[in-house]
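I have placed the structure first, in the form of structure tokens, so that the comments after it can refer back to it.
Residue numbers (the working numbering), protein chains in the order written: chain A, 89 to 486; chain B, 306 to 441.
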């Protein structure tokens, strides 16, 4: 993935500008921390690959692979003054390309205005799911990886812009509200996504072991790829210009709503989310849900999870008559419409073992049932589910 | 069975010493100047990062004190607590409690900041801090 380093340099300049006393003051306090996962996974089906996102170029199949879950991240925070701090996180992972690559998912300057209010400027985690902020931190999650049926609905994980964080404790309730605005650019080898006017709000309330979350975000996105261009050119050439314009994902709206809950007790850990994604252009609108339940017994947490995605938009186009020479064109359009989002559900079971204070080991088996190609990648003719995925990961923080 | 008086005295002393050690309570402290009223449930919420009404401090060189505090006050395994802190740290939204070396350091830091809260073995408590909760 290509991300501009200019904005990083700009943020440093901004941080220094905001802190003129830096040179004369005592050396700033620096926190260095990190997290990572070493994992291996394999499936029982050689005709498609299982991944974390439908847009990513490679996943895992029967041959087994370490690239799907393994990652290493290092984070540094410089406390410039009592109010200002700057944080940067570098991560090596194989998500956006065919090999491991270093990217900067987090880079911001934070102003803690009061104990309750903070502003951030820079690159922040795109906060659209309940676990968005720490989705890559395996150690902080019960599962091996987020369920693709839900967390795959938005293939972007950062936002370049600003956010406002507000926290308040009122009686037995701890509340937090976040509002953000910005943009995101992601270049997968097969598709480039430009998301503009990203804005959203989310609110979380915790009372005792129960946390409730509600979030809403929207944006205007453009997706470009050779495959999209080829189909749209053919549709235009056949004279269906209105249809071609309807299908074209050029500055089209994306809207997303997320409701979640979590119960975290001494023994029980239960969480779930319900999501609704509405997209313009040819991109499918989808509903997603998952429920995860685990039970801690000493250092072991056996858990089970069910997740699913359902397409809510039209799956076939009726504009092009299915006669004679137009049949391949109509089929091509249907293929495009069905390329992103799918009906799929997964039953997963696993166990987390807290080996040490900062280290856990997880074993998870997924039984994935896709409709057609589902959310699998690099699908070959003759593929059909269900597919079993076995994963072993070691997560750590330091 | 014949027990010499010497053995008996030694046994009693050993028992007394063990008992004494077990009696050393873990206490939760705030600055003597602090007017904050904090319940056990609130201590838990502060240490888990849910509530920001106080700034929690952690202690590095007292594993038994730490174990007692997290299991008896927070009601969670230390690993569970670390997993929560990792969530705060890597989102940049918060920070894990600052880890100080020993009880004296915690008492000193708490005394200096009316927003700070810490836990120590009761033997470290002095006039600069006040005990708001005692771990039974």
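All residues carry an ideal CB built from backbone N, CA and C; glycine is no exception.
Candidates the options, of which the one nearest residue i by Cα
i	options	result
residue 304 of chain A	A:420, A:218, A:391, A:178	A:218
residue 406 of chain B	B:367, B:416, B:373	B:367
residue 377 of chain A	A:169, A:399, A:390, A:368	A:399
residue 342 of chain A	A:296, A:327, A:370, A:332	A:370
residue 229 of chain A	A:418, A:360, A:296, A:197	A:360
residue 181 of chain A	A:172, A:192, A:238, A:175	A:192
residue 348 of chain B	B:431, B:428, B:402	B:402
residue 157 of chain A	A:213, A:235, A:216, A:215	A:235
residue 479 of chain A	A:120, A:126, A:122	A:126
residue 239 of chain A	A:261, A:374, A:123, A:199	A:374
residue 386 of chain B	A:147, A:353, A:430	A:353
residue 431 of chain A	A:443, A:473, A:295	A:473
residue 185 of chain A	A:145, A:385, A:224	A:145
residue 280 of chain A	A:311, A:295, A:288, A:345	A:311
residue 188 of chain A	A:455, A:159, A:292, A:214	A:159
residue 211 of chain A	A:382, A:326, A:286	A:286
Residue i classed as buried or exposed, judged by whether at least 16 other C-beta atoms fall within 10 angstroms
i	result
residue 424 of chain B	buried
residue 409 of chain A	exposed
residue 247 of chain A	buried
residue 436 of chain B	exposed
residue 174 of chain A	buried
residue 170 of chain A	exposed
residue 438 of chain B	buried
residue 107 of chain A	Reliability fails at residue 107 of chain A, whose pLDDT of 46 lies under 50, so the model's placement of it is uncertain and no value is given.
residue 484 of chain A	buried
residue 469 of chain A	exposed
residue 245 of chain A	buried
residue 481 of chain A	buried
residue 431 of chain B	exposed
residue 461 of chain A	buried
residue 278 of chain A	exposed
residue 115 of chain A	exposed
residue 404 of chain B	exposed
residue 176 of chain A	buried
residue 105 of chain A	With a pLDDT of 47 at residue 105 of chain A, under the threshold of 50, the predicted position of this residue should be treated as unreliable, though the coordinate-derived value follows. Result: exposed.
residue 272 of chain A	buried
residue 132 of chain A	exposed
residue 415 of chain A	exposed
residue 453 of chain A	exposed
residue 402 of chain A	exposed
residue 148 of chain A	buried
Residue i: first and last residue of the uninterrupted beta strand (DSSP E) it sits in
i	result
residue 427 of chain B	Premise fails: residue 427 of chain B is in no beta strand (DSSP E) and is neither H nor E.
residue 435 of chain B	434–440
residue 450 of chain A	447–458
residue 346 of chain B	Premise fails: residue 346 of chain B lies in the alpha helix (DSSP H), 345–352, not in any beta strand (DSSP E).
residue 483 of chain A	475–485
residue 385 of chain B	From DSSP, residue 385 of chain B is part of no beta strand (DSSP E) but of the alpha helix (DSSP H) over 383–396.
residue 207 of chain A	205–213
residue 135 of chain A	Neither: residue 135 of chain A is in no beta strand (DSSP E) and is coded neither H nor E.
residue 333 of chain B	331–336
residue 160 of chain A	159–167
residue 200 of chain A	189–200
residue 179 of chain A	172–181
residue 403 of chain B	403–405
residue 362 of chain B	360–364
Closer than 7 Å: residue i CB and nearest the ligand GDP heavy atom
i	result
residue 415 of chain A	Inclusion of the ligand GDP in the displayed structure is not the case, the ligand content being empty and no account of it being possible.
Beta-carbon gap between residue i and residue j smaller than 8 Å
i	j	result
residue 387 of chain A	residue 232 of chain A	no
residue 359 of chain B	residue 334 of chain B	no
residue 464 of chain A	residue 138 of chain A	yes
residue 354 of chain B	residue 399 of chain B	yes
residue 390 of chain A	residue 447 of chain A	no
residue 435 of chain A	residue 136 of chain A	no
residue 319 of chain A	residue 467 of chain A	no
residue 351 of chain B	residue 411 of chain B	no
residue 349 of chain A	residue 404 of chain A	no
residue 183 of chain A	residue 122 of chain A	no
residue 489 of chain A	residue 118 of chain A	It is not possible to answer for residue 489 of chain A, since the shown part of chain A is limited to 89 through 486.
residue 283 of chain A	residue 307 of chain A	yes
residue 445 of chain A	residue 384 of chain B	yes
residue 243 of chain A	residue 216 of chain A	no
residue 251 of chain A	residue 267 of chain A	yes
The alpha helix (DSSP H) enclosing residue i, as first and last residue numbers
i	result
residue 350 of chain A	Careful: residue 350 of chain A lies outside any alpha helix (DSSP H), inside the beta strand (DSSP E) at 340–352.
residue 319 of chain A	314–325
residue 413 of chain B	408–417
residue 335 of chain A	329–335
residue 129 of chain A	Looking at the DSSP string, residue 129 of chain A is not in any alpha helix (DSSP H); the run it does join, the beta strand (DSSP E), is 117–131.
residue 373 of chain B	368–374
* Asked: What runs of the beta strand (DSSP E), each 3 residues or longer, lie entirely inside the stretch 224–294 of chain A?
  -> Fully contained in the stretch 224–294 of chain A are the following beta strand (DSSP E) runs of length 3 or more, in chain order: 246–258, 261–275.
* Asked: Can you list, in chain order, the stretches of the beta strand (DSSP E) that have 3 or more residues and sit fully within the stretch 360–436 of chain A?
  -> Those beta strand (DSSP E) runs which fall completely within the stretch 360–436 of chain A and span 3+ residues are 374–383, 388–399.
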